[in-house]
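One structure is given below, encoded as structure tokens.
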Amino acid sequence: MQAKKSLGQNFLINDAIIQQIVSLFTFQKDDLIIEIGPGRGALTSYLSKLPSNLLCIEIDMDMHKYLDKYESDKCHILYNDILQTDLKSLINNYHYHNLYVIGNLPYYITSPIITYLLNSNLSIEGMLFMVQNEVADRFCAKPGHKEYGYITLVIDYYYHAQKEIFVAKNNFNPIPKVDSAVIKLTKKSNKYNIDTNKYFAFLKECFQFKRKTLKNNLRKYDFSLIKEVLEEHHYREDVRPEEIPQEVFIESFTKLNSEK
Ligand code: SAM
278 MQAKKSLGQN FLINDAIIQQ IVSLFTFQKD DLIIEIGPGR GALTSYLSKL
328 PSNLLCIEID MDMHKYLDKY ESDKCHILYN DILQTDLKSL INNYHYHNLY
378 VIGNLPYYIT SPIITYLLNS NLSIEGMLFM VQNEVADRFC AKPGHKEYGY
428 ITLVIDYYYH AQKEIFVAKN NFNPIPKVDS AVIKLTKKSN KYNIDTNKYF
478 AFLKECFQFK RKTLKNNLRK YDFSLIKEVL EEHHYREDVR PEEIPQEVFI
528 ESFTKLNSEK
């Protein structure tokens with residue numbers, strides 16, 4: 278059967294890499310793993326051998342001929358669009374200790390899937406995703422790097438993000454145009470007590486025009502308040518947003534809101 282380009286079907290064919298991915302977390306018997314886009318079962322074949330419960334969500338019904346054999350008491354396959362799936366009510370049927378999400382993601386909806394999971398209010402302990410290599414760099418960037426931006430900070434708010442494995446394009450069938458990488462997201466114990474919707478909207482404004490300084494992006498705010506925070510952390514007034522770490526953005530946001 279032909280791979281469906283429109284569904285981002287590039288199947289992983291290197292067993293050594295699959296084993297490396299699955300061993301990035303130590304899954305326990307009472308954990309629940311959600312796999313997004315199992316496809317022909319490259320990862321599923323290993324995940325289904327673990328003692329944990331496994332729930333796979335695949336949009337393409339045609340994959341059932343590859344996936345039926347993995348169905349068991351502890352492995353269920355649901356044929357649905359992940360972005361239309363009510364994960365919260367679905368996982369209510371399970372008793373589990375930690376929840377993990379794994380997937381060699383369809384590249385055409387990588388960011389929507391990650392945003393969807395971050396907004397889902399599910400307490401996800403860890404995530405492992407195969408994404409395009411340059412997207413991995415953006416998700417895991419550190420301040421001072423050109424890839425660092427809004428999405429980096431949204432992920433970093435909840436998770437430690439680490440690029441773990443570079444995967445060259447010839448490890449897939451069909452071979453995609455670009456190389457990939459596996460990223461590992463590990464939940465942070467968050468100490469901040471802020472309105473995340475408002476904070477993320479503020480971050481969006483900070484990065485509205487990436488080449489501009491923070492000051493120029495935040496013209497509608499009282500920048501003297503932000504300047505105080507910047508000075509405390511030894512940043513110049515003309516600093517660019519991609520140089521600033523999360524804590525300094527949070528402090529600036531908090532200061533602006535407390536002075537209202
Ligand atoms: N896990 C397999 C592997 O590693 O070989 C397949 C990975 S392939 C890159 C992406 C998979 O996601 C495909 O099986 C595709 O059908 C599925 N997919 C695409 N869009 C989806 C969606 N909205 N919801 C769930 N699965 C989707």
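Going by the numbering used here, the first residue of the sequence shown is number 278, and it counts up by one from there. A virtual CB, placed ideally from N, CA and C, is assigned to each residue, including glycine. Given the structure is predicted, the values throughout are model-derived calculations rather than measurements.
1. DSSP three-state label for HIS341, please.
2. Which one or two residues does DSSP pair with GLN439 in a beta bridge?
3. Leaving out the 5 sequence neighbours to the left and right, which residues in its chain are closer than 6 Å to ILE311 when beta-carbon positions are compared?
4. Just to confirm, are VAL408 and LEU382 a CB contact at a threshold of 7 Å?
5. Is the number of C-beta pairs between the stretch 341 to 358 and the stretch 314 to 323 that are closer than 8 Å three or more?
6. Starting from GLN409 and walking both ways along the beta strand (DSSP E), at which residues does that stretch end?
7. Figure out for me which residue from GLN485, LYS282 and ILE290 has the closest Cα to the Cα of ASN450.
8. Taking the continuous beta strand (DSSP E) assigned at ILE379, which residues delimit it?
9. Closer than 6 Å: is that where the CB of PRO518 sits relative to any heavy atom of ligand 1?
10. Check whether the Cβ of ASN448 sits closer than 6 Å to any heavy atom of ligand 1, and report yes or no.
This is what the structure gives:
1. helix
2. LYS461
3. LEU332 and VAL378
4. yes
5. yes
6. 401 to 409
7. ILE290
8. 376 to 381
9. no
10. no
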